[in-house]
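Each residue of the sequence shown is one higher than the one before, counting from 65 in this note's numbering. Read the structure below first, then the notes.
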Amino acid sequence: MNRNLQNLVNAAQKPEKLGIGLMSGTSLDGLDIALCRFKGNGLSTQFELLEFITLPYNDHFKQEVHEVFSRRLVDLEKVTLLNAFIGTFHGELILQALKKWGIKTADVDFIASHGQTIYHAPKSLHKQAGYPNATLQIGDGDHLAVKTGILTVSDFRQKHIAGGGEGAPLALYGDVLLGSKPGEDRILLNIGGIANLTYLPADGDLNKVICTDIGPGNTLIDAACREYFNRPYDKDSLIALSGTVNQGLLNALLSHPFFKEKAPKTTGPELFSLAYVEDAKQLAGISDINSEDLVSTLSEFTAKSIADFIKTNLPSGIKIFASGGGAKNQFVINCLKHLLHKESIFNTEALGINPDAKEAILFALLGNEALSSEPMKIGTNPAVLMGKFSFPL
């Protein structure tokens, strides 16, 4: 048998695995690297987060990615170059982290890489007859595997789409494994660039699980901060707290048909961009708005769209466990607490899950599943094992 295939079989048969999960989100803060230990697979998975670090991206890298991110027309050569470059660059960052932690590459069984999303195009957004749901993440797994010398699993979203899904959100599988508790209805809410949630029913019935995008998380808030304040995000909600919510604009922002679509559904910055805000301003008859008031209104928009979905679709009195950058936005969290009067909102730290590391952990879980599990049917999602394997040699 080919040596790489034999190593793959050996790794798959190990009762305990050491894996690295990678997440690079649309906010482009940096690369989240989670070193995890797994025992078992599927619903019997036992998991331990051993190490976690976010290695920040420099301004040049952010600018390079922004040139091709969420744009219909881009420089194809730049996309091609970045696909190879990001794979190698992420490999270099992993090697830095392992050196810092005193971990040998030979001791790591696999890397599970999300890659860098540059365009998300479900049919509900592109509306082009004859074309399927589609999404594109760059940062090639072969380059990552060769750079680190570690078996790499990547490009998870393509199998989800091929199996009939929309490619997002993929938190479903990990949320079920990590967050379910018999006798307790729960929501695992991730407020990243886009807000998504997983509903975990108290009776553990996998057919009742809902995992869906809700609407904008940080993407519009961050975009407005970059555009009008030359800041990457609203640190400590200082801008939002200094402004006043414009109710007319808020109503216009909430009027898009997406919010009435049945879950599960998916979306992205391709829809929720500053152009979306301009359209809403026109709809509301607003020619100008104070920049602080705009950030305040966009922050309320994030919270209101989340709260409206929960109140309309899920049981009252449910426990909510939040993660992602938006979980640190006190303006958004305070709005949620005000809008969801009977609900309790906690940080995922209450579940023993580092909220900053959660997304990277989830992809490490998907890597472990790809190596050693069988497809699992949850809700309306396709029963597929996701990820493509790249060998070091």
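The beta-carbon is built from N, C-alpha and C at its ideal position, and this holds for glycine as well.
Can you give me the C-alpha to C-alpha distance between residue i and residue j, rounded to a whole angstrom?
i: L313; j: H178; result: 35 Å
i: V396; j: S363; result: 6 Å
i: F385; j: N66; result: 45 Å
i: Q127; j: L162; result: 27 Å
i: K75; j: F220; result: Note that residue 75 is Ala in the sequence shown here, rather than Lys. Answer to the nearest angstrom: the Cα atoms are 19 Å apart.
i: I350; j: L358; result: 11 Å
i: T330; j: I258; result: 9 Å
i: I274; j: A232; result: 12 Å
i: G194; j: K187; result: 10 Å
i: G431; j: L242; result: 15 Å
i: D277; j: F322; result: 10 Å
i: G205; j: K211; result: 10 Å
i: M450; j: E438; result: 11 Å
i: G458; j: P419; result: The requested residue 458 does not occur in the structure, where the chain is confined to residues 65 to 457.
i: V132; j: Y340; result: 19 Å
i: P196; j: P446; result: 15 Å
i: G155; j: A367; result: 36 Å
i: L236; j: L270; result: 11 Å
i: E433; j: V240; result: 13 Å
i: L137; j: I353; result: 29 Å
i: L107; j: R101; result: 16 Å
i: I117; j: N377; result: 35 Å
i: L113; j: L305; result: 35 Å
i: P296; j: Q192; result: 33 Å
Helix, strand or coil: how does DSSP classify residue i here?
i: T199; result: strand
i: L404; result: coil
i: L253; result: strand
i: P79; result: coil
i: V217; result: strand
i: F116; result: strand
i: F153; result: helix
i: N260; result: strand
i: A421; result: coil
i: L99; result: strand
i: I384; result: strand
i: N411; result: strand
i: S91; result: coil
i: F111; result: strand
i: D277; result: strand
i: I175; result: strand
Beta-carbon separation of residue i and residue j under 7 Å?
i: F365; j: L426; result: no
i: T216; j: S454; result: yes
i: I251; j: I382; result: yes
i: S387; j: N254; result: yes
i: A424; j: G85; result: yes
i: L400; j: A428; result: no
i: S369; j: G256; result: no
i: I97; j: T169; result: no
i: S360; j: T283; result: no
Compare the Cα-Cα distances from residue i to each of the options and report the closest residue.
i: K452; options: K103, T199, L146 and Q222; result: Q222
i: L264; options: L162, S369 and G247; result: G247
i: S134; options: G443, T109, N282 and H184; result: H184
i: F111; options: I285, F322, T118 and L415; result: L415
i: G443; options: S337, A327 and H405; result: A327
i: L72; options: F125, S436, N122 and V138; result: S436
i: T144; options: H402, T118, L200 and L347; result: L200
i: I150; options: E342, D343, S218 and L449; result: S218
i: V172; options: G228, K142 and E115; result: E115
i: G389; options: E325, N411, Q77 and E291; result: N411
i: K272; options: I285, D249 and R290; result: D249
i: I374; options: R290, A348, K324 and C289; result: K324
i: L146; options: H124, E230 and L69; result: H124
i: A266; options: N68, S244 and I285; result: S244
i: N310; options: N294, D300 and K345; result: K345
What whole-angstrom Cβ distance do residue i and residue j have, given they're in contact under 8 Å?
i: P120; j: K103; result: About 32 Å; that fails the 8 Å criterion.
i: S88; j: L95; result: 5 Å
i: I175; j: L99; result: Contact doesn't hold; Cβ gap of about 10 Å is too wide.
i: Q160; j: V129; result: About 19 Å; that fails the 8 Å criterion.
i: I182; j: I202; result: 6 Å
i: Y287; j: S337; result: Per the sequence presented here, residue 287 reads as Ala, with Tyr not at that position. Between S337 and A287 the Cβ distance is about 7 Å, and since that is below 8 Å, they are a contact.
i: A209; j: P456; result: 5 Å
i: E413; j: L189; result: In fact, because the Cβ distance is near 34 Å, the residues do not count as touching under 8 Å.
Shorter than 7 Å from the beta carbon of residue i to some beta carbon of chain B?
i: S306; result: Going by chain labels, chain B is absent from the structure shown, which holds only one protein chain.
Is there at least one non-hydrogen atom of the ligand SAH closer than 6 Å to the beta-carbon of residue i?
i: E291; result: Of ligands this structure carries none, so the ligand SAH is not represented either.
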